[in-house]
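Q: Provided herewith is a single structure, encoded as structure tokens, for subsequent inquiry.
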Amino acid sequence: MTQITAQQGRRVGNGTIMAMCFVFVGAMVGMAYAAVPLYQLFCQVTGYNGTTQRTEQYSDVILDRAMPVTFDANTSNGLNWDFKAAGRIEPKIGETVQVAFTATNRSSTPTTGTAVFNVTPMEAGAYFNKVECFCFTETTLQPGETLEMPVVFFVDPEITKAEETKNIKTITLSYTFYPSQPSKPVAAVQEKGKPANGQL
Numbered sequence: 001m002t003q004i005t006a007q008q009g010r011r012v013g014n015g016t017i018m019a020m021c022f023v024f025v026g027a028m029v030g031m032a033y034a035a036v037p038l039y040q041l042f043c044q045v046t047g048y049n050g051t052t053q054r055t056e057q058y059s060d061v062i063l064d065r066a067m068p069v070t071f072d073a074n075t076s077n078g079l080n081w082d083f084k085a086a087g088r089i090e091p092k093i094g095e096t097v098q099v100a101f102t103a104t105n106r107s108s109t110p111t112t113g114t115a116v117f118n119v120t121p122m123e124a125g126a127y128f129n130k131v132e133c134f135c136f137t138e139t140t141l142q143p144g145e146t147l148e149m150p151v152v153f154f155v156d157p158e159i160t161k162a163e164e165t166k167n168i169k170t171i172t173l174s175y176t177f178y179p180s181q182p183s184k185p186v187a188a189v190q191e192k193g194k195p196a197n198g199q200l
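See below:
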């Protein structure tokens with residue numbers, strides 16, 4: 001009787017260990033999938049790695065001090081676009097300004113791109129606030145089409161108070177366009193599957 005009980009105990013113990021292993025592996029997989037969006041959220045909140053902030057409100061404080069801003073435009077391999085940056089400006093800190101980038105599709109087919117961005121010095125990212133930006137959505141250009149793309153932003157006056165940013169003299173906003181697949185219209189999806197009315 002004692003030997004049977006011991007064997008049952010070992011089986012129960014092994015089963016518990018197996019269950020714990022499955023839970024651990026499942027948790028690791030879940031964390032792997034969550035890592036990217038959590039990292040992006042962390043960057044947006046803290047400005048880490050030069051990530052700019054997104055806001056719907058304009059600054060209500062404008063300082064009597066200019067903050068020169070330069071711009072950089074790049075395209076990755078696989079996207080045949082001519083992407084040009086806006087010119088250097090010198091807005092006052094807290095002043096909401098608009099600049100325009102331009103992109104031309106040099107290919108013979110419609111192409112879609114997605115822009116990623118950052119600012120340097122990286123410490124300035126937490127104080128660089130975008131109100132409007134072409135980088136918030138995908139951009140599709142027809143063959144030969146040229147599009148002017150606005151960016152509306154301001155530099156938060158708090159940048160002058162933080163120890164790590166109060167001596168920053170110039171900020172550079174940089175964009176890189178990468179190719180992406182455009183979203184398919186609902187109608188196109190329905191054509192590949194069942195008709196919208198459900199008839200065969």
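Residue numbers (the UniProt record's numbering): 1 to 200. The beta-carbon is built from N, C-alpha and C at its ideal position, and this holds for glycine as well. Only a predicted model underlies this, so the values are computations on that prediction, with no experimental measurement involved.
Curious, which full-length beta strand (DSSP E) runs of at least 3 residues does the stretch 126 to 171 contain?
A: 128 to 133, 139 to 141, 146 to 155, all fully within the stretch 126 to 171.
Q: What is the DSSP secondary structure of Thr104, counted as helix, strand or coil?
A: Position 104 of the sequence shown, counted from the first residue, corresponds to residue 104. Reduced to three states, the DSSP call for Thr104 is strand.
Q: Please go through the same chain and pick out, in chain order, the residues whose beta-carbon is closer than 6 Å to the beta-carbon of Val116, but skip the five residues on each side of it.
A: The sequence position of residue 116 within the sequence shown is 116, counting from 1. For Val116, where only same-chain residues beyond five positions count, the Cβ hits under 6 Å are Thr176.
Q: Report all residues from its chain with a CB closer than 6 Å to the CB of Thr104; omit the five preceding and five following residues, and keep chain order.
A: In the sequence shown, residue 104 corresponds to position 104, counting from 1. Answer for Thr104: Asp82, Thr146, listed in chain order.
Q: Tell me Tyr175's beta-bridge partners as DSSP assigns them.
A: If you number the sequence shown from 1, residue 175 lands on position 175. Looking at the DSSP assignment, Tyr175 forms a beta bridge with Ala73, Phe117.
Q: Can the beta-carbon of Leu141 be found less than 8 Å from the beta-carbon of Pro110?
A: The residue you call residue 141 lines up with position 141 of the sequence shown. The residue you call residue 110 lines up with position 110 of the sequence shown. Result yes, Cβ atoms of Leu141 and Pro110 sit closer than 8 Å.
Q: What residues in its chain sit with their C-beta under 6 Å from that of Ser108, if we drop five residues either side in the sequence?
A: Translated into the one-based positions of the sequence shown, residue 108 becomes position 108. Excluding positions up to five away in sequence, the list reads Pro143.
Q: Mapping the DSSP letters down to three states, classify Thr96 as helix, strand or coil.
A: Indexing the sequence shown from 1 puts residue 96 at position 96. Residue state, collapsed to three classes: coil.
Q: Measure from the alpha carbon of Phe154 to the alpha carbon of each residue in Asp60, Ile17, Thr16, then state which is nearest.
A: Mapped onto the sequence shown, residue 154 falls at position 154. Looking at the Cα atoms, Asp60 is the closest of the given residues.
Q: If Thr112 sits next to Thr139, beta carbons under 8 Å apart, how far is it from one beta carbon to the other, in whole angstroms?
A: As a first step, residue 112 is located in the sequence shown; it is residue number 112 there, counting from the start. As a first step, residue 139 is located in the sequence shown; it is residue number 139 there, counting from the start. Thr112 to Thr139, Cβ: 7 Å. Contact.
Q: For Ala124, which three-state DSSP category applies?
A: If you number the sequence shown from 1, residue 124 lands on position 124. Of the three classes helix, strand and coil, the one that applies to Ala124 here is helix, per DSSP.
Q: Whole angstroms is fine: what's the gap from Leu38's alpha carbon to Gln53's?
A: Here residue 38 is taken as the residue at index 38 of the sequence shown, counted from 1. Here residue 53 is taken as the residue at index 53 of the sequence shown, counted from 1. The predicted model places Leu38 with a pLDDT of 39, which falls under 50 and marks its position as unreliable; any figure quoted below should be read in that light. Each residue's alpha carbon lies about 15 Å from the other.
Q: Can Ala124 and Thr165 be called in contact, C-beta distance under 8 Å?
A: As a working note, residue 124 is residue 124 in the sequence shown. As a working note, residue 165 is residue 165 in the sequence shown. Yes, the pair counts as a contact, with Cβ atoms nearer than the cut-off.
Q: If distances are taken between C-alpha atoms only, which option among Phe136, Gly78, Asp72, Lys92 comes closest to Lys84?
A: Within the sequence shown, residue 84 is the residue found at index 84, counting from 1. The residue with the shortest Cα to Cα distance from Lys84 is Asp72.
Q: Would you say Val116 reaches chain E, if we count a Cβ-Cβ gap shorter than 8 Å as a contact?
A: This model lacks chain E altogether; it includes just one protein chain.
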